[in-house]
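Here the working numbering is used: the first residue of the sequence shown is 35, the next is one more, and so on.
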Amino acid sequence: MNKPNIAVSRLTWKPLEDQDVEFVERKGLGHPDYIADAISEASS
């Protein structure tokens, strides 16, 4: 039987909640994720 292709490693950077800046990707109207992004934006 094949072993699963899973790797687990420790974080080597600060968690997002401990950082001063967070980068967020925005997608355009034609992107498949637009609906989910619009819902999350409207609810925040």
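The beta-carbon is built from N, C-alpha and C at its ideal position, and this holds for glycine as well.
| Check | Outcome |
| --- | --- |
| Rounded distance between the beta-carbons of LEU50 and GLU59, thought under 8 Å | Wrong, their Cβ atoms sit about 14 Å apart, outside the cutoff. |
| Any chain B beta carbon closer than 8 Å to ASN39 | Checking the listed chains, one finds no chain B in this structure; it contains a single protein chain. |
| Whole-angstrom distance between LYS37 and ASP71, CA atom to CA atom | 36 Å |
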